[in-house]
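See below for the structure under consideration.
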Amino acid sequence: MKNHSPELKSHTIALMVGTALFFDALQWLLSFVFMHWLATIFAYMTFGLWFYLKGIKLMTPKRLSIIGGSFILEIIPFIAVFPAITAMVVITILDVKAKKIISATEEKLGI
Numbered sequence: 035m036k037n038h039s040p041e042l043k044s045h046t047i048a049l050m051v052g053t054a055l056f057f058d059a060l061q062w063l064l065s066f067v068f069m070h071w072l073a074t075i076f077a078y079m080t081f082g083l084w085f086y087l088k089g090i091k092l093m094t095p096k097r098l099s100i101i102g103g104s105f106i107l108e109i110i111p112f113i114a115v116f117p118a119i120t121a122m123v124v125i126t127i128l129d130v131k132a133k134k135i136i137s138a139t140e141e142k143l144g145i
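Be aware that the sequence shown starts at 35, since it is given in our numbering, and climbs by one per residue.
Have a look at this one:
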């Protein structure tokens with residue numbers, strides 16, 4: 035019996051990264067009026083729900099540290115101009131893809 039693992043297709047990855055870039059640009063624009071925190075809240079809610087719907091757990095220690103680190107960068111006013119949300123999304127996607135590749139390799143090797 036095959037284990038069901040979460041899968042992200044290339045079009046979903048492109049939409050996620052594009053949405054993350056949009057949120058980072060919106061944060062940059064809102065930082066001039068000190069309202070970037072509003073975009074941060076919506077971004078984390080959006081990606082939390084999106085990853086949940088795709089079956090990806092964000093409450094693992096590694097992914098929680100990625101989210102926490104990007105959130106700390108986002109709440110500091112002048113450092114918030116860096117694309118931390120995009121980095122969080124890309125690192126999480128790479129982690130999911132790496133786990134899928136490693137499990138497929140282990141399965142082929144019979145480990």
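Cβ atoms here follow ideal geometry from the backbone N, Cα and C, with glycine treated the same way.
In the DSSP annotation of this structure, Leu-42 is not part of any alpha helix (DSSP H), being labelled neither H nor E. Straight across, the Cα-Cα distance linking Met-79 with Phe-66 is about 23 angstroms.
Contact between Ile-127 and Leu-42 holds, with the beta-carbon distance rounding to 6 angstroms and staying under 8 angstroms. For Val-123 and Gly-144, the gap between their C-alpha atoms comes out near 32 angstroms.
The Cβ atoms of Ala-118 and Ser-104 lie closer than 7 angstroms to each other. Bounds of the alpha helix (DSSP H) holding Ala-132 are 118-143. Pro-111 sits in coil when the DSSP states are folded into three classes, being neither helix nor strand. Taking all protein chains shown into account, Ile-90 has 16 or more neighbouring C-beta atoms within 10 Å of its C-beta and is therefore buried.
Met-69 and Phe-56 have their C-alpha atoms some 15 angstroms from each other.
Contact between Ile-101 and Leu-92 holds: their C-beta atoms lie close to 6 angstroms from each other, under 8 angstroms.
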